[in-house]
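Here the sequence shown stands for residues 0 to 267, where the numbers follow numbering that gives the first Met the number 0.
Glycine is no exception: its CB is placed at the ideal position from the N, C-alpha and C atoms.
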Amino acid sequence: MRRNPISDVIDTETPSVARMYDWLLGGVDNYASDRAACDDLLAIAPSSKALALNNRAFLRRVVRILAQEEGIRQFIDHGSGLPTQDNVHEVAQRVDDSSKIVYVDNDPLVLAHGRSRLDQNDRVTVLDMDMRDTDAIFDAAHAAGFQQDKPTAALFVSVAHCLKDDDVQPMLDRVKAKLAPGSFLVICQLVSDRADVRNRVTALMSKVTHDNWGRVREKKDVRGYFDGLTILTPGLCDVTTWRPDSQVVPRSGEDWVEWGGVGRLGNA
0 MRRNPISDVI DTETPSVARM YDWLLGGVDN YASDRAACDD LLAIAPSSKA LALNNRAFLR
60 RVVRILAQEE GIRQFIDHGS GLPTQDNVHE VAQRVDDSSK IVYVDNDPLV LAHGRSRLDQ
120 NDRVTVLDMD MRDTDAIFDA AHAAGFQQDK PTAALFVSVA HCLKDDDVQP MLDRVKAKLA
180 PGSFLVICQL VSDRADVRNR VTALMSKVTH DNWGRVREKK DVRGYFDGLT ILTPGLCDVT
240 TWRPDSQVVP RSGEDWVEWG GVGRLGNA
């Protein structure tokens with residue numbers, strides 16, 4: 000596994016989106032501040048645990064399909080979060096063990112755990128970078144053996160809502176400009192048809208992360224992320240329904256969903 004320096008100490012008093020997500024998935028790499036923030040979140044959106052589990056299943060599913068059916072062997076996972084079972088590299092490398100994966104995150108706990116668990120895999124790179132640092136990310140990916148002229152899957156799974164409006168589309172446009180024809184973008188984020196849920200969750204997350212967050216958006220906002228891409232069947236949807244292959248974890252409400260899909264850039 001390739002590595003670069005961890006730049007920050009772990010702040011256990013301020014909730015981390017990655018650690019909150021870990022708790023919602025049933026993980027143990029979280030602190031009291033993260034669990035308290037999740038309790039507040041569940042009071043607003045009771046389906047959040049099921050949503051997180053279904054979203055993780057979507058990530059595994061889409062990586063497997065892109066590897067098996069589209070022949071993708073290069074994956075960049077932006078805002079990768081804490082390692083769980085069946086990470087991107089495990090799914091992709093079961094299809095072809097030569098697959099290369101770059102994980103990008105700037106949470107010190109994510110980086111420390113990722114490196115401790117991936118130390119023996121020389122086809123995996125863990126980057127201590129902000130997901131918006133597109134040039135640096137792609138430079139590091141090429142240094143790790145990614146081929147510029149080969150299709151790559153750029154993953155933005157459940158991370159766009161962590162960014163401000165002014166950051167999301169420019170970041171995606173930069174990534175599209177870097178990718179070879181035939182590459183894929185996988186994009187989904189939290190959306191709600193209910194203004195009260197959008198406003199209350201956005202206010203909560205902005206508060207607990209010291210404004211290091213974006214907002215819950217609407218479906219129409221996500222559609223713009225796919226400009227210039229050919230959207231794969233079944234289109235943009237609640238990711239629970241994107242080519243399901245296993246039983247879905249039932250939700251306790253319809254307060255919000257992960258909405259998005261998969262887009263292809265140009266021709267293969």
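Please state whether DSSP places residue i in a helix, a strand or coil.
i    : result
R242 : coil
W258 : strand
K99  : strand
V77  : Correcting the residue type first, residue 77 is His in the shown sequence and not Val. The answer is strand: DSSP assigns H77 an E or B state.
M0   : Low per-residue confidence applies at M0: pLDDT is 40, beneath 50, and the placement is therefore not dependable, though the value from the model is reported in the following sentence. Looking at M0 - three-state DSSP - the assignment turns out to be coil, as it is neither helix nor strand.
T133 : helix
T201 : helix
A91  : helix
A153 : strand
D165 : helix
With the cut-off set at 8 Å, would you say residue i and residue j are in Cβ contact?
i    : j    : result
V103 : I71  : no
S245 : D106 : no
S46  : D254 : yes
V61  : V248 : no
K99  : F145 : yes
A51  : Y30  : no
G213 : K163 : yes
Can you name the residues that DSSP bridges to residue i?
i    : result
R216 : V190
V277 : In the structure as shown, the chain begins at 0 and stops at 267. Residue 277 is therefore absent and cannot be evaluated.
L228 : L264
L184 : A153 and G262
G104 : Correcting the residue type first, residue 104 is Asp in the shown sequence and not Gly. DSSP lists D127 as partners of D104.
What does the alpha-carbon distance come out to for the pair residue i and residue j?
i    : j    : result
H88  : H160 : 24 Å
V256 : A194 : 13 Å
P233 : A66  : 18 Å
T11  : G265 : 44 Å
D28  : A179 : 36 Å
A140 : M170 : 17 Å
G80  : R55  : 11 Å
T151 : V221 : 21 Å
At which residues does the alpha helix (DSSP H) containing residue i begin and terminate?
i    : result
L126 : Run containing L126: none in the alpha helix (DSSP H); it sits in the beta strand (DSSP E), V123 to D127.
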